[in-house]
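Using this note's numbering, read the sequence shown as starting at 6 and increasing by one per residue.
First up is the structure itself, then whatever we jot down about it.
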Amino acid sequence: EDDKQVGYLTVWKEDITPELIKENWRSLEEKVESFVLGMNFSGNRKLTCNLTTVNYYIENEEPFHIRNDIDIDAIIRRSKGEDYSYCYAELPALQCNMTINIQPSSLPATMPNIPPILKRFILTVIQAEDLDEHSANYQDEKLKRWFLILEELEETKNTPSYNEIKCARHFVSHSSCHGSEVILFLKRELPSAVYVNDSGKEEARFSRDNQSHISLVSQYETKARNWARNLINQQITRIDNCAT
Numbered sequence: 006e007d008d009k010q011v012g013y014l015t016v017w018k019e020d021i022t023p024e025l026i027k028e029n030w031r032s033l034e035e036k037v038e039s040f041v042l043g044m045n046f047s048g049n050r051k052l053t054c055n056l057t058t059v060n061y062y063i064e065n066e067e068p069f070h071i072r073n074d075i076d077i078d079a080i081i082r083r084s085k086g087e088d089y090s091y092c093y094a095e096l097p098a099l100q101c102n103m104t105i106n107i108q109p110s111s112l113p114a115t116m117p118n119i120p121p122i123l124k125r126f127i128l129t130v131i132q133a134e135d136l137d138e139h140s141a142n143y144q145d146e147k148l149k150r151w152f153l154i155l156e157e158l159e160e161t162k163n164t165p166s167y168n169e170i171k172c173a174r175h176f177v178s179h180s181s182c183h184g185s186e187v188i189l190f191l192k193r194e195l196p197s198a199v200y201v202n203d204s205g206k207e208e209a210r211f212s213r214d215n216q217s218h219i220s221l222v223s224q225y226e227t228k229a230r231n232w233a234r235n236l237i238n239q240q241i242t243r244i245d246n247c248a249t
């Protein structure tokens with residue numbers, strides 16, 4: 006639209022018989038969802054979509070507006086030449102539109118396509134990257150979210166790099182850490198964080214107010230971010246290849 010804050014995306018399928026409307030309706034919604042997830046993953050995190058208008062076209066007739074199963078049944082009956090009238094309660098309208106709440110940005114050269122099965126990973130990415138907008142030090146919270154992705158998608162977990170990020174995540178996730186692996190990691194990376202408790206055992210405690218703690222966590226948050234996004238990109242490619 007003229008204000009460049011609202012745009013419209015239309016997706017469609019051709020040669021769909023009335024009996025298959027319901028099945029294909031969902032697949033079209035998934036196409037829209039894939040586009041929005043792709044835009045979110047590429048940095049347009051506040052782009053949203055409301056599914057609104059779904060139409061079915063029969064040659065030489067006005068488009069049928071579909072809101073519910075009754076509408077679909079009417080189309081099926083009319084396609085068979087039956088006279089069919091009905092009453093219905095108006096439901097909330099369905100429409101495909103996207104409201105952009107950030108500075109207008111150019112559409113991508115190729116259509117983003119994030120498989121809906123990866124939606125929860127994209128939502129985790131959005132949660133983590135939204136924390137970038139805050140002035141407070143939230144590197145620990147971002148690290149936790151990135152590691153959720155690594156924990157599930159990374160198949161090789163016995164590498165030094167993975168274990169280092171895992172130890173950094175443990176450091177920020179508990180009120181105090183005393184596991185031997187985490188203590189050894191901190192003794193090497195941040196010796197000042199390790200102390201002897203009243204029981205004579207070594208432990209460590211993360212402090213968001215300590216700049217040296219934030220610097221260490223920031224280092225591993227960046228590594229985890231890059232790793233997690235690469236893993237998601239690999240999943241997108243793998244699923245696309247399987248689909249073709």
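Quick reminder that beta carbons are idealized off the backbone N, C-alpha and C, glycines included.
Mapping the DSSP letters down to three states, classify residue i as helix, strand or coil.
i, result
"T161", "coil"
"G43", "helix"
"H3", "With the chain covering only 6 through 249, there is no way to say anything about residue 3."
"T58", "coil"
"H253", "No answer is possible for residue 253: the residues shown for the chain start at 6 and end at 249."
"A209", "strand"
"T15", "coil"
"T242", "helix"
Less than 8 Å between the CB atoms is what I'm expecting for residue i and residue j, so what's the real figure, rounded?
i, j, result
"V37", "L14", "6 Å"
Comparing the CB of residue i with every heavy atom of the ligand SAH, is any distance shorter than 6 Å?
i, result
"L148", "As presented, the structure is devoid of all ligands, the ligand SAH included, so that no description of it is given."
Just the C-alpha distance for residue i and residue j, rounded to the nearest angstrom, thanks.
i, j, result
"D137", "Y143", "8 Å"
"L33", "R234", "26 Å"
"L189", "N168", "12 Å"
"I237", "G12", "27 Å"
"E67", "W30", "19 Å"
"R72", "P23", "14 Å"
"N106", "C54", "Note that N106 scores 46 on pLDDT, short of 50, meaning its location in the model is unreliable; the coordinates nonetheless yield the value given after this. The alpha-carbon atoms of N106 and C54 are separated by roughly 11 Å."
"H179", "V199", "14 Å"
"S166", "A229", "10 Å"
Mind checking whether residue i and residue j have CB atoms under 7 Å apart?
i, j, result
"E35", "P121", "yes"
"I81", "K27", "no"
"Q240", "L123", "yes"
"N127", "N49", "Note that residue 127 corresponds to Ile in the displayed sequence, not to Asn. Not a contact, by the Cβ cut-off of 7 Å."
"P117", "F40", "yes"
"K162", "E226", "no"
"V177", "D145", "yes"
*Do the segment 167–180 and the segment 210–228 meet, that is, are 3 or more Cβ pairs less than 8 Å apart?*
The segment 167–180, when compared against the segment 210–228, does touch it at the 8 Å Cβ threshold.
*Do three or more CB pairs link the segment 194–207 to the segment 149–159 at distances below 8 Å?*
Because the criterion of three Cβ pairs below 8 Å is not met, the segment 194–207 and the segment 149–159 do not touch.
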